[in-house]
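Chemist: For reference, the structure I am asking about is given below.
Protein chains in written order, with the working numbering: chain W, 10 to 235; chain R, 10 to 235.
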């Protein structure tokens, strides 16, 4: 089971799970996010990596969880420092808890035992639900919650990117033959999935390609690298 | 925040939260369950108890989580013993994890800090996600997952029924003036919310009224007590 948003991190996570020898079931969410172009990207990535199945689960998280990522009137962060303190406005209350809980439901139904999520060292200074302590605690909860956990052979939450920087993630994906032009990271991507080049997600992504020494394959709205 | 299915247990939980002095926000789920009459019951109970708001959140849990409770072709348990060993066929993979995660998202958005859930001693020999150990672990995970947990003043998962039998739950609700005729417990309730009188949920409920010495106000499909 792989949580697949269609962004760079989760696409790399899927490629790693496939390389680990897993038969991969990819799960995406249409949850009212602004960057809905990611869902089309997720579909393309799942096909390219050869996932056994890809599902997109719809839930109106925006109706109950306030965030700049789901509220069309809220400003999105731009030009903030990757090391800035505090929780960013794109934080969605309990998002990874909700996503992992739904992944757990499908994993138990499929008799899958490994749940891959692309949390990493770029995210977790800011997002509490990307920290290793949260992941460990969720794994424990999952094994208390479920038949599979109680009857033995419980779940493992796999975080293959946890110690990697953006450049490290990209280098790993390139080694595995992943085509990053299929992925969308931008908060303000247009319908064709082209990136704005200016939001924080675009800036961190571009810097990652620079630092990895890999040409940036991202399609930008302006037609060139901003 | 109160998880409100519209059954006897969650209705009592809501009455207790109101009695605790809480301004109550009740959350129900339309998740593809067979006993959809519960949702109408939840609406009536929320109004009767005076909840500040009641929301019904739709998610197609049946699409990813296999269970006799969501699969119309699966047989439902009847005439099994309340103390029977093992996990019942009505177990839905990760259901309470998913429901608590969504309640957590809404609670953080509302700045609520107490999440009430009606798990109790009747359920937890069978359902792993009704056990006190699961609840404690989820609370810990919730406080690692969220801004509120990280910044202090975290969440508490409240389980006021945890040590009660069905009769004890009913006695407490009657003390608080709860009208149990508004609630629906039956797995096979008809559109008017009338109970079959034969499934396990009906049998445990009727036995609870008997043991509490309270007349059973349930409307049965046969028109009388079976």
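Here a beta-carbon is modelled for each residue, glycine too, at the ideal position from N, C-alpha and C.
Starting from residue 35 of chain R and walking both ways along the beta strand (DSSP E), at which residues does that stretch end?
Modeler: Residues 34-39.
Chemist: According to the Cβ coordinates, are residue 173 of chain R and residue 50 of chain R closer than 9 Å?
Modeler: Result no, Cβ atoms of residue 173 of chain R and residue 50 of chain R do not sit closer than 9 Å.
Chemist: I need the DSSP call for residue 19 of chain W, collapsed to helix, strand or coil.
Modeler: Residue state, collapsed to three classes: helix.
Chemist: With distances taken from CA atoms, which of W:52, W:72, W:185 and W:123 is nearest residue 162 of chain W?
Modeler: Among W:52, W:72, W:185 and W:123, the Cα nearest to that of residue 162 of chain W is on W:123.
Chemist: Residue 100 of chain R versus chain W: which residues are under 7 Å apart at the beta carbon?
Modeler: Those are 156, listed as they occur along chain W.
Chemist: As a quick exercise: from W:154, W:47 and W:218, pick the residue whose alpha carbon is nearest that of residue 201 of chain W.
Modeler: Minimum Cα distance to residue 201 of chain W is reached at W:47.
Chemist: In chain R, which residues lie less than 8 Å from residue 168 of chain W when you measure between Cβ atoms?
Modeler: By Cβ distance, chain R contributes nothing, its closest Cβ being about 14 Å from residue 168 of chain W, past 8 Å.
Chemist: Take residue 74 of chain R as the anchor and find which of W:80, W:118 and W:176 has the nearest alpha-carbon.
Modeler: Of the listed residues, the one whose Cα sits closest to residue 74 of chain R is W:118.
Chemist: Find the nearest neighbour of residue 203 of chain R within the set R:193, R:18 and R:101, judged by alpha-carbon distance.
Modeler: Checked all of R:193, R:18 and R:101; the closest Cα to residue 203 of chain R is R:193.
Chemist: Can you give the Cα-Cα distance for residue 22 of chain R and residue 57 of chain W, rounded to whole angstroms?
Modeler: Roughly 49 Å between the two C-alpha positions.
Chemist: Starting from the C-beta of residue 41 of chain R, find all residues in its chain whose C-beta is less than 7 Å away, skip the five residues before and the five after it, and write them out in chain order.
Modeler: Closer than 7 Å at the Cβ level, and outside the excluded window around residue 41 of chain R, lie 69, 70, 71 and 79.
Chemist: Rounded C-beta distance between residue 63 of chain W and residue 35 of chain W? I'm assuming under 8 Å.
Modeler: Right, the Cβ-Cβ distance comes to about 4 Å (below 8 Å), so this counts as a contact.
Chemist: Of the choices W:106, W:29 and W:230, whose alpha-carbon is the least far from that of residue 169 of chain W?
Modeler: Per the Cα distances, W:29.
Chemist: Strictly below 7 Å CB to CB, what residues from chain R border residue 107 of chain W?
Modeler: Within chain R, the residues near residue 107 of chain W are 110, 111 and 114.
Chemist: Would you say residue 73 of chain R lies against chain W (beta-carbon separation less than 9 Å)?
Modeler: By this cut-off, residue 73 of chain R is an interface position.
Chemist: According to the Cβ coordinates, are residue 103 of chain R and residue 132 of chain R closer than 9 Å?
Modeler: Not closer than 9 Å, so no.
Chemist: Three or more C-beta pairs closer than 8 Å, one from the stretch 174-184 of chain R and one from the stretch 177-184 of chain W: is that the case here?
Modeler: Segments in contact, no.
Chemist: Using a beta-carbon distance cut-off of less than 8 Å, what residues from the stretch 129-152 of chain W approach chain R?
Modeler: Cβ contacts with chain R come from 137, 138, 140, 142, 143, 146, 147, 149, 150 and 151.
Chemist: So if DSSP puts residue 126 of chain R in a beta bridge, which residue, or which two residues, is it bridged to?
Modeler: Answer is none; residue 126 of chain R lacks a bridge partner.
Chemist: Would you mind stating whether residue 189 of chain W and residue 99 of chain W have Cβ atoms separated by less than 9 Å?
Modeler: No.
Chemist: Can you tell me which of R:153, R:101, R:126 and R:97 puts its alpha carbon nearest to the alpha carbon of residue 134 of chain R?
Modeler: Residue 134 of chain R has its Cα closest to that of R:97, out of R:153, R:101, R:126 and R:97.
Chemist: Let me check one thing: in DSSP terms, what residues is residue 67 of chain W bridge-paired to?
Modeler: BP columns for residue 67 of chain W point to W:39.
Chemist: For residue 127 of chain R, which residues of its own chain have a beta-carbon under 6 Å away from its beta-carbon, when the five flanking residues on both sides are left out?
Modeler: Only 18, 19, 22 and 170 meet the Cβ criterion.
Chemist: Can you tell me whether residue 31 of chain W is helix, strand or coil according to DSSP?
Modeler: DSSP places residue 31 of chain W in coil when its eight states are reduced to three.
Chemist: Strictly by DSSP, which residues pair up with residue 62 of chain W?
Modeler: Per DSSP, W:34.
Chemist: For residue 53 of chain R and residue 184 of chain R, what's the separation of their Cα atoms in angstroms?
Modeler: For residue 53 of chain R and residue 184 of chain R, the distance between alpha carbons rounds to 19 Å.
Chemist: Our contact map puts residue 150 of chain W next to residue 146 of chain R with C-beta atoms below 8 Å; I'd like the distance itself, whole angstroms only.
Modeler: Contact flag correct, Cβ pair sits at about 4 Å.
Chemist: Comparing alpha-carbon positions, which option in W:152, W:105, W:32 and W:11 lies nearest residue 156 of chain R?
Modeler: Among W:152, W:105, W:32 and W:11, the Cα nearest to that of residue 156 of chain R is on W:105.
Chemist: Could you tell me if residue 14 of chain R is buried or exposed, where buried requires 16 or more neighbouring beta carbons within 10 angstroms of its beta carbon?
Modeler: Looking at its Cβ environment, which holds 16 or more other Cβ atoms inside 10 Å, residue 14 of chain R is buried.
Chemist: With distances taken Cα to Cα, identify the nearest neighbour of residue 27 of chain R among R:59, R:38, R:16 and R:12.
Modeler: The residue with the shortest Cα to Cα distance from residue 27 of chain R is R:59.
Chemist: On the DSSP letters alone, give me the boundaries of the alpha helix (DSSP H) that residue 216 of chain R sits inside.
Modeler: Looking at the DSSP string, the run of the alpha helix (DSSP H) that includes residue 216 of chain R is 209-221.
Chemist: Roughly how many angstroms lie between the CA atoms of residue 231 of chain W and residue 219 of chain W, to the nearest whole one?
Modeler: Roughly 19 Å between the two C-alpha positions.
Chemist: Find the residues of chain R that neighbour residue 96 of chain W, judging by a C-beta separation of less than 9 Å, and give them in chain order.
Modeler: Near residue 96 of chain W (Cβ distances below 9 Å), the residues of chain R are 156, 159 and 160.
Chemist: Would the beta-carbon of residue 110 of chain R fall within 9 Å of that of residue 223 of chain W?
Modeler: No, Cβ-Cβ distance for residue 110 of chain R and residue 223 of chain W is not below 9 Å.
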